[in-house]
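Just below is one structure, and these are the notes that go with it.
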Amino acid sequence: MAIQVDGAFAEEANREKRQIARNSVLAAVFLTAMKLVVGIETNSLGILSEAAHSGLDFLAALMTYFAVRIAARPPDRDHTYGHGKIENLSAFGETLLLIITCGWIIYEGISRLAFREAHVESTVWGFVVVIIAIFVDISRSRALGRVAKKYNSQALEADALHFSTDVWSSLVVLSGLVFVAIGYPWVDAVAAILVALIVLFISFRLGKRTIDALMDRVPEGVYEQVLGTLREVPGVEEVRSIRLRPSGGKVFVDTVVAVRRTTPFQKAHAIMDSIEQAIHERHRDIDIVVHAEPAESSDESLADKIRLIVGRKGLRPPHNLEVHKINGRHHIAFDIEYEEGKSFVEAHALTDEIEREIRLEIPSIEHLTIHMEEDRPGEDDVTDVSDDERLRQSVRKLVTADTNIVECSSVRLLRVGERFNLAVDCTIQRDRTLEDVHRIVSRLETKLYDKLPRLRRVVIHAEPTSPDRG
446 MAIQVDGAFA EEANREKRQI ARNSVLAAVF LTAMKLVVGI ETNSLGILSE
496 AAHSGLDFLA ALMTYFAVRI AARPPDRDHT YGHGKIENLS AFGETLLLII
546 TCGWIIYEGI SRLAFREAHV ESTVWGFVVV IIAIFVDISR SRALGRVAKK
596 YNSQALEADA LHFSTDVWSS LVVLSGLVFV AIGYPWVDAV AAILVALIVL
646 FISFRLGKRT IDALMDRVPE GVYEQVLGTL REVPGVEEVR SIRLRPSGGK
696 VFVDTVVAVR RTTPFQKAHA IMDSIEQAIH ERHRDIDIVV HAEPAESSDE
746 SLADKIRLIV GRKGLRPPHN LEVHKINGRH HIAFDIEYEE GKSFVEAHAL
796 TDEIEREIRL EIPSIEHLTI HMEEDRPGED DVTDVSDDER LRQSVRKLVT
846 ADTNIVECSS VRLLRVGERF NLAVDCTIQR DRTLEDVHRI VSRLETKLYD
896 KLPRLRRVVI HAEPTSPDRG
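Going by our numbering, the letters in the sequence shown line up with residues 446 to 915, in that order.
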């Protein structure tokens, strides 16, 4: 069984993610152009490094935008888990761009400090550019972070983390411009190197998270949350395995749970539905597949064990099952039905096999009796012969001859081949116990079989007398 992410929720998520990614692209274009113009005008390595950084921000934002669009595509035959991994690849590509940029900035900064002097102008435009960049980066970092957290998007989270570091790097550049203005131009190169180191540190963190996602590393805490949710669902005896696979903003979960082996199929199905619903209510971004396996419970009765063993042989559940305990040992008897046409030898061999399995699973058995009978659920050549008055009268006479029978209210006959199925409704005193009634009916059935050899099946339905008859 499987449950997928809610369609309306997914559509809303895709729309909001595309919108915030598009806004990030526009902001990156604006900042890159502004920083590049002022950086060239002032020859400030700090501002030029920021322009280069913003240029890569533009590429990263563009990658994120297309990644979000592609990730929204539904699963297909070639991508059965969807296209969410493109978000992780986008974040990895962004990390590589950041590392390359940082390498160039550090190299250029060291060159200016150690080998050559560069003329840097500190103008009001430089301050204006950096201050504007700080406010823009704060705004889009918060917006990206909000949407990334809401929809668990690693691509948007990478952008948000990226632009939050831009705020700090811009502050470093701003301080460098201040020192340039008071006569310390070398501080500009130092500021650029510091910017690069900050970004490099964040890049490695981002790269590790991205590689973890590409390697299907489970997000921290998700395994424990899913396990806790599964264990809380009524009917789950044991959680045997959980496999999680993150892909973009989704987490795919395959789980195997144990359900009591005596649980009817429909109830087991309902338990799996409950699991899926519980997961979906707490984790809307999870796509879960549940597999249930039968498990033996500690309070399973001996009758349950016997029914399961018989059922594994493809037979109907045993009837007239009785379990008695005497001096710590069990005495068990029951009836099982075999399909029509099975020979006595075949039925006996299968019965021996059932007995061996029962004794193996229930070592405390002292005596085990299995009664074999033929199951004939129905034939095509069945004829209603209830109008056979002679046979009906014979049945009625035999039934009413029993002093325990108050009244014989109905006699129905069906011809099955050359023999007959008989159904009788009769009334017995209401003060009799159920055990008494069972004994009376069993004795009467035996009598009908003996006196009317053409009967192949006899079913007697007993009803109590009305209260006014006593």
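C-beta atoms are modelled at their ideal positions from N, C-alpha and C, and glycine is treated no differently.
The structure displayed is predicted, hence computed values, not measured ones.
query, result
"Where the alpha helix (DSSP H) through Y783 begins and ends", "First-last for Y783: 774-784, but that is the beta strand (DSSP E), not the alpha helix (DSSP H)."
"Whole-angstrom C-beta distance between R463 and V513, which should lie under 8 Å", "6 Å"
"Collapsed DSSP secondary structure at K787 in the structure displayed", "coil"
"Beta-bridge partners of M817, as assigned by DSSP", "I781"
"CB contact flag (E738, A715, <8 Å)", "no"
"Expected contact under 8 Å - CB spacing of D833 and S854 to nearest Å", "In fact, because the Cβ distance is near 18 Å, the residues do not count as touching under 8 Å."
"Distance, E669 Cα to D582 Cα", "35 Å"
"Given 8 Å, three or more beta-carbon pairs between the region 673-681 and the region 639-649", "no"
"H387 in three-state terms, based on DSSP", "Since the first residue of the chain shown is 446 and the last is 915, residue 387 is not available in this structure."
"Reference E726, options S686, A713, V678, closest by Cα", "V678"
"Identity of the residue in R690, S788, S499, R841 nearest A641 by Cα", "S499"
"The beta strand (DSSP E) enclosing A846, as first and last residue numbers", "Unbroken run through A846: none, as it is neither H nor E."
"I410 to A634 span [Cα, whole Å]", "Only positions 446 to 915 of the chain appear in the structure, and residue 410 is not among them; the question remains open."
"Option nearest H764 by Cα separation, candidates K770, G773, L753, K530", "L753"
"P808 (DSSP reduced to helix, strand or coil)", "coil"
"Cβ neighbours of K393 in the same chain (closer than 6 Å, five flanking residues each side left out)", "There is simply no residue 393 to check, as the chain begins at 446 and stops at 915 in what is shown."
"Same chain, Cβ closer than 6 Å to V663, five either side skipped, listed in chain order", "L689"
"Through-space distance from T509 to G527, alpha-carbon basis", "17 Å"
"Closest Cα partner of E745 within the set S719, G786, E806", "E806"
"Integer Cβ distance of A496 from L481, believed to fall under 8 Å", "4 Å"
"Pairwise C-alpha distance: A636 and E616", "Contrary to the premise, residue 616 reads as Leu rather than Glu in this sequence. Taking the straight line from one Cα to the other gives about 9 Å."
"C-alpha gap between L504 and A588, whole angstroms", "19 Å"
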